[in-house]
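Numbering (this note's numbering), first residue to last: 5 to 481.
Okay, structure coming up:
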């Protein structure tokens with residue numbers, strides 16, 4: 005089956021992208037849709053550099069952050085295919101990391117699947133803050149792999165569970181995996197990835213190295229997003245180049261070259277007759293290796309989910325398995341996602357620390373022939389929230405309150421019962437299906453809040469003894 009966006013769908017998708025960019029203060033984005041080995045759609049939006057107003061293109065190089073993790077996982081699987089290691093090997097076979105007893109060791113599998121039991125130890129915060137100039141006050145020694153080992157080995161008591169018991173998204177685990185690649189192959193990590201993954205896939209411009217990026221004219225300017233007094237300010241800064249970041253999140257690439265990588269992922273490990281990895285091992289990367297609810301807030305409510313090897317996996321994205329991973333360096337970001345059964349996928353990049361995931365998922369939903377505004381919970385929920393916001397009054401306007409949105413929550417604001425309030429409306433259901441909420445005014449005590457949307461377009465709000473009528477704001481069709 006061949007997939008494509010109709011002219012109307014393309015126009016709708018591009019409108020969604022540009023609206024999200026404005027809302028999220030994203031200067032530049034690039035997006036590509038792929039089917040098998042073909043690029044179905046690709047374009048840049050906005051500016052890769054605001055100061056010179058240079059356009060983002062499909063060739064613009066961006067930092068892809070944690071999307072790099074699947075490259076590291078691919079390298080590990082290649083070494084397993086070559087009988088140079090086993091994912092069941094304890095990491096102590098390769099590295100002097102001592103966290104738990106040898107009777108129940110942390111293995112390569114545990115690091116790959118985010119199931120080591122070790123929580124975040126702040127390494128990425130130190131490095132990104134330091135290298136982008138956002139936080140130079142943290143003076144923890146973190147300038148070499150030896151510094152990292154001291155930091156990690158000192159955190160033995162931070163191990164929260166035995167391995168394989170709980171998911172913690174552990175960036176430093178992938179730094180350790182990158183070091184295992186280097187020690188097993190006797191090659192620097194970046195050189196191995198270049199020779200065994202990037203070059204075979206024609207990803208000649210993708211790089212970990214500052215000197216190579218600076219030779220490229222079509223490259224992003226990364227931006228720090230800061231809020232002050234309700235205003236958003238974008239400040240140009242540096243990409244965080246550092247060997248300790250390479251394996252968990254240091255690659256820079258374009259959506260054109262990432263399309264080659266996606267084609268290999270959905271093509272069973274083969275790109276243009278170049279075998280990158282055995283199909284069975286590639287499929288292992290795309291399986292849920294550790295089931296967890298941890299990623300539901302990120303992916304969306306799409307069936308059983310968990311972490312594979314370098315990929316997040318959801319079992320039921322509108323009837324199909326979804327494999328995806330995002331990445332952020334705080335000053336650039338990316339998202340890779342694909343439906344392996346249908347061999348369609350998407351790559352997106354931006355020059356700030358976030359991309360609009362629901363909008364990107366909308367492109368895949370459109371390829372499935374469905375309406376994203378009906379099928380993606382983020383949009384259906386936001387539509388309901390837009391409907392409920394506004395001003396409300398009781399009989400003859402004697403008492404008035406407002407419902408406003410702050411972040412991802414609705415708030416009830418006004419003077420009620422002689423008391424001024426601004427309290428979050430906590431939904432009874434995740435999808436706001438019944439429009440029932442509650443507020444907490446005293447510890448342990450819930451006050452029910454209910455909205456009623458009538459067929460004739462009227463909206464009422466019930467709070468304790470009061471019936472409020474909506475007097476200002478959006479009215480249902």
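Backbone N, C-alpha and C define an ideal beta-carbon position, used for all residues, glycine too.
- The beta-carbon distance between residue 72 and residue 254, rounded to whole angstroms, is 6 Å. This is short enough to meet the 8 Å contact definition.
- Closest option to residue 439, judged by alpha-carbon separation, among 411, 447, 384 and 11: 384.
- Sixteen is the threshold: when 16 or more other Cβ atoms of the shown chains lie within 10 Å of the Cβ of residue 352, as they do, the residue is buried.
- Close CB contacts of residue 290 within its chain, under the 7 Å cut and outside five residues either way in sequence, are with 312, 315, 317, 327 and 344 (chain order).
- Fewer than three pairs of CB atoms, one per stretch, sit closer than 8 Å, so the stretch 205-220 makes no contact with the stretch 156-169.
- Membership of residue 248 in any beta strand (DSSP E) is not indicated; the residue belongs instead to the alpha helix (DSSP H) covering 247-253.
- Across the set 342, 186, 446 and 368, the C-alpha of 342 shows the shortest separation from the C-alpha of residue 287.
- In this structure, residue 136 sits away from residue 236, with a CB-CB distance that is not shorter than 8 Å.
- Of all C-beta pairs linking the stretch 229-249 to the stretch 109-123, fewer than three are shorter than 8 Å, placing the two stretches out of contact.
- Burial state of residue 376 is buried, judged by a 10 Å Cβ sphere holding 16 or more other Cβ atoms.
- Take the alpha-carbon of residue 37 and the one of residue 349: they are about 6 Å apart.
- In the three-state reduction of the DSSP assignment, residue 94 falls in the strand class.
- Cβ atoms of residue 127 and residue 175 come within 8 Å of each other, at about 6 Å.
- Contact annotation, residue 32 with residue 52: C-beta distance approximately 5 Å; criterion of less than 8 Å satisfied.
- The C-alpha of residue 50 is placed about 12 Å away from the C-alpha of residue 56.
- Residue 443 is bridged by DSSP to 451.
- Unbroken alpha helix (DSSP H) stretches of 4 residues or longer found wholly inside the stretch 140-226: 149-157, 175-189, 193-197 and 214-217, given in chain order.
- Excluding residues up to 5 positions away in sequence, 145 lie with their Cβ nearer than 6 Å to the Cβ of residue 151 in the same chain.
- A distance below 6 Å between beta-carbons, with the five flanking residues on each side excluded, links residue 98 to the following residues of its chain, in chain order: 184 and 187.
- Straight-line spacing of the CA atoms in residue 457 and residue 463 works out to 5 Å.
- Secondary structure note for residue 112: its alpha helix (DSSP H) is the uninterrupted segment 112-116.
- Between the C-alpha atoms of residue 131 and residue 461 there is a straight-line separation of about 53 Å.
- In this structure, residue 304 lies away from residue 70, with their beta-carbon atoms at least 8 Å apart.
- In the three-state scheme derived from DSSP, where H, G and I count as helix and E and B as strand, residue 367 is classed as helix.
- Boundaries for residue 53: no alpha helix (DSSP H) harbours it, while the beta strand (DSSP E) harbouring it runs 42-53, taken from the DSSP string.
- Taking a contact as a CB-CB distance under 8 Å, the pair residue 273 and residue 266 does not count as one, their CB atoms being some 12 Å apart.
- Residue 10 carries a coil assignment under DSSP once its states are collapsed to helix, strand and coil.
- Distance between residue 372 and residue 140, taken at the CA atoms: about 47 Å.
- For residue 431, the enclosing beta strand (DSSP E) has its first and last residue at 423-431.
- Of the residues 110, 467 and 202, the one whose Cα lies closest to the Cα of residue 169 is 110.
- Rounded to whole angstroms, residue 459 and residue 8 show a C-alpha spacing of 37 Å.
- Using a 10 angstroms sphere on the CB of residue 251, the tally of other CB atoms reaches 16 or more, which defines it as buried.
- Nearest neighbour of residue 34 by Cα position, chosen from 379, 355, 75 and 434, turns out to be 355.
- With fewer than 16 other Cβ atoms inside 10 Å of its own Cβ, residue 143 counts as exposed.
- The three-state reading of DSSP puts residue 240 in strand, counting E and B together.
- A residue is called buried once 16 or more other Cβ atoms fall within 10 Å of its Cβ, and residue 60 is buried on that count.
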